[in-house]
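J.:
In this note's numbering, the protein residues as written are 698 to 833.
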């Protein structure tokens, strides 16, 4: 069994990527809030309620990941599970927002970045080396 005092570099990278992913979700949610006055965007979300729900959901997901990502550095299995679940939700939410934006809007870039980071985090969290670290 590996000593947790000797943390694999990959786990540190995953924790940093998880934090970045959470930050991207936060940014995405905040950008959505700034788009509330834009009627075309509100219409795409079928009203203010849909837009607010997407924005608040993105902000909550981002906050959870940012707060829990530090637990990954200590090999906390609960943190690994929470980050995995939230990242999968982030991917699903990001895909929804990409299609809800329609077309080539600049905001879509944040969503694709968030989806990419979330996917990388999940894949790295469940790699063979990471699994050995979290079991030790």
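Positions of the beta carbon are idealized from the N, C-alpha and C atoms, including for glycine.
Bear in mind that the values here come from a model prediction, so they are computed numbers and not experimental data.
1) Where in the segment 759-826 do unbroken runs of the alpha helix (DSSP H), each at least 4 residues long, occur, reported from the N-terminal end onward?
2) Count the C-beta pairs between the segment 727-735 and the segment 822-833 that are closer than 8 Å, then say yes if the count reaches three, no if not.
3) Any idea if residue 766 is buried or exposed, counting beta-carbon neighbours within 10 angstroms, 16 or more meaning buried?
4) Taking all protein chains shown into account, decide if residue 719 is buried (16 or more other Cβ within 10 angstroms of its Cβ) or exposed.
5) What is the residue span of the alpha helix (DSSP H) that residue 736 lies within?
6) Here's the rule I'm using: 16 or more other beta-carbon atoms within 10 Å means buried, otherwise exposed. How should residue 688 be labelled?
7) Please name the residue in 744, 722, 714 whose C-alpha comes closest to that of residue 806.
8) Residue 741: buried (16+ other C-beta within 10 angstroms of its C-beta) or exposed?
T.: From the atom records:
1) 774-798, 804-822
2) Not touching, per the Cβ criterion.
3) For this step, residue 766 is matched to residue 69 along the chain shown. By the 10 Å Cβ count, residue 766 comes out buried.
4) The residue you call residue 719 lines up with position 22 of the chain shown. It counts as buried.
5) By 1-based counting over the chain shown, the position of residue 736 is 39. Per DSSP, residue 736 belongs to the alpha helix (DSSP H) from 736-741.
6) The chain is shown only over 698 to 833; residue 688 falls outside these bounds and no answer can be derived.
7) For the purposes of this step, residue 806 is taken as residue 109 along the chain shown, with counting starting at 1. Selected option, being the one with the closest Cα: 722.
8) Locating residue 741 in the chain shown gives position 44, counting from the first residue. Classification for residue 741: buried.
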